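Residue numbers (this note's numbering): 1 to 256.
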Amino acid sequence: MQIEDMKTILIIAPGSGIGSEITKNLLKDGYRILGIGGEMSRRYSESLKEQKYKIEFIPCDYNSESSIISAFEKAKIIVKKIAGMINFVGGSLMSKAIQDISLEDFRKVLSLNLDSVFVIARETYKWMRSEAGGNIVFFGSTTGFKPSDKKLPYGVAKAGVHAMTWFFAHEGSKYGIITNTISPGYVMTERHLEEIKRKAKTDNLNYDNLVQKYRKKNPLEQLLYPNEIYPLVKLLLTSKHIQGQIFKIDSGQMLG
Numbered sequence: 001m002q003i004e005d006m007k008t009i010l011i012i013a014p015g016s017g018i019g020s021e022i023t024k025n026l027l028k029d030g031y032r033i034l035g036i037g038g039e040m041s042r043r044y045s046e047s048l049k050e051q052k053y054k055i056e057f058i059p060c061d062y063n064s065e066s067s068i069i070s071a072f073e074k075a076k077i078i079v080k081k082i083a084g085m086i087n088f089v090g091g092s093l094m095s096k097a098i099q100d101i102s103l104e105d106f107r108k109v110l111s112l113n114l115d116s117v118f119v120i121a122r123e124t125y126k127w128m129r130s131e132a133g134g135n136i137v138f139f140g141s142t143t144g145f146k147p148s149d150k151k152l153p154y155g156v157a158k159a160g161v162h163a164m165t166w167f168f169a170h171e172g173s174k175y176g177i178i179t180n181t182i183s184p185g186y187v188m189t190e191r192h193l194e195e196i197k198r199k200a201k202t203d204n205l206n207y208d209n210l211v212q213k214y215r216k217k218n219p220l221e222q223l224l225y226p227n228e229i230y231p232l233v234k235l236l237l238t239s240k241h242i243q244g245q246i247f248k249i250d251s252g253q254m255l256g
């Protein structure tokens, strides 16, 4: 049986650091969510469903084209049309200097952060094209604009996502498909906060002083949390005029 599709949003990796917060906010605002992802996202989706939120979930291996295509086939059985798609899949996976990056390393990072994003977006595009359009929201990174130490593969992949935005927007316009990208700086997800705590303990550093170093990375000296990204996500899911744009949310980090 198909669920009502008037306000259904397809979310890839709803249990991710940023994705979990955005998913819950969309549910609170009355959207129905169709999630696709791995084990962590499955557990998170089930916990939301137990709280009576309107969410369905389909398991998927992001690194397998056939798994992604199969997930989309299952999604179309659950819902006829989606109003939007947000892709939260990604992660730097490693920190290595250029001379230490093997081709296997490089391909592994691009497989998750670029290849999977393309296949998911292509399948979304085909679906939306057949159903009078919709809104696509990618997630890039400031690392795709400005080099970050030991993050070459990740930066290359995210730069590719930025470029992909323009192509999907260009070709999708005639079908009512709106495509934009959000490129945040360092986001204080639960995982990142735990990493900071571990670093403080391991290196015998003061936690508050370590957090202050992250504040100093941008001119506004702010920390960015997932819930602060939500207003822009909601705007890009509903706008019919913002097309092919890449929005930096970095408290001015890219200024210098």
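C-beta atoms are modelled at their ideal positions from N, C-alpha and C, and glycine is treated no differently.
All figures in this text were calculated on a predicted structure; none of them were measured in a lab.
Problem - For Gly19, three-class secondary structure by DSSP - result: If DSSP states are grouped into helix, strand and coil, Gly19 belongs with the helices.
Exercise for the section: Could you check what DSSP says for Ile9 in three-state terms: helix, strand or coil? Expected result: Ile9: strand per DSSP, three-state reduction.
Exercise for the section: Output yes or no for whether 8 Å exceeds the beta carbon distance between Val137 and Asn180. Expected result: Against a cut-off of 8 Å, the Cβ pair of Asn180 and Val137 comes out as a contact.
Handout entry: Neighbour-count burial assignment, Arg32, 16 or more Cβ in a 10 Å radius
Key = So Arg32 ends up on the buried side.
Practice task
Less than 8 Å between the CB atoms is what I'm expecting for Ile22 and Val233, so what's the real figure, rounded?
Solution key: At roughly 5 Å, the Cβ-Cβ gap stays under 8 Å, so Ile22 and Val233 are in contact.
Exercise for the section: Would you identify the three-state DSSP class for Met1, choosing helix, strand or coil? Expected result: With a pLDDT of only 43 at Met1, under 50, the local geometry of the prediction cannot be trusted, and the value read off the model is given with reservation. Assignment of Met1 by DSSP, reduced to helix, strand and coil, places it in the coil class.
Practice task
Can you check the stretch 116-167 for any alpha helix (DSSP H) of at least 4 residues that lies completely inside it and give the ranges in chain order?
Solution key: Whole alpha helix (DSSP H) segments, 4+ residues: 116-130.
Practice task
Please report how far the alpha carbon of Leu220 lies from the alpha carbon of Ile77, in whole angstroms.
Solution key: It is roughly 47 Å from the alpha-carbon of Leu220 to the alpha-carbon of Ile77.
Handout entry: Cut-off 7 Å between Cβ atoms - residues of its own chain near Gln253, not counting five sequence neighbours on either side
Key = The residues are Thr142, Gly185, Lys217, Asn218.
Handout entry: Contacting residues, own chain, Cβ-Cβ under 7 Å from Pro153 (five flanking each side not counted)
Key = Excluding sequence neighbours, Pro153 sits near Ile101, Asp105, Phe106, Val109, Leu110.
Problem - Among Ser47, Arg42, Glu73, the one whose alpha carbon lies nearest that of Pro59 - result: Closest option to Pro59, judged by alpha-carbon separation, among Ser47, Arg42, Glu73: Arg42.
Handout entry: Three-state secondary structure (DSSP) of Lys49
Key = Secondary structure of Lys49 (DSSP, three-state): helix.
Handout entry: CB of Thr165 within 8 Å of CB of Gly91, strictly
Key = No, they are not a contact pair.
Handout entry: For Leu210, three-class secondary structure by DSSP
Key = DSSP, read as helix, strand or coil, puts Leu210 in helix.
Practice task
Give me the Cβ distance between Ser183 and Gly133, rounded to the nearest whole Å; I'm assuming they're in contact under 8 Å.
Solution key: Cβ atoms of Ser183 and Gly133 stay farther apart than 8 Å, at about 24 Å.
Handout entry: Enclosing alpha helix (DSSP H) for Glu65 [first to last residue]
Key = From DSSP, the alpha helix (DSSP H) with Glu65 extends over 65-78.
Problem - Reduced DSSP category for Pro184 - H, G, I as helix; E, B as strand; rest coil - result: Strand at Pro184.
Exercise for the section: Run the proximity test for Asp208: is its beta-carbon closer than 7 Å to any non-hydrogen atom belonging to the ligand NAP? Expected result: Ligands are entirely absent from the displayed structure, and the ligand NAP is therefore not among its contents.
Handout entry: Of the listed residues Lys146, Lys158, Ser239, nearest to Val89 (C-alpha basis)
Key = Of Lys146, Lys158, Ser239, the residue nearest in Cα terms is Lys158.
Practice task
Take Met85 and list the residues in its own chain whose beta-carbon comes closer than 6 Å to its own, dropping the five residues that flank it on each side.
Solution key: Closer than 6 Å at the Cβ level, and outside the excluded window around Met85, lie Leu10, Thr124, Ile136.
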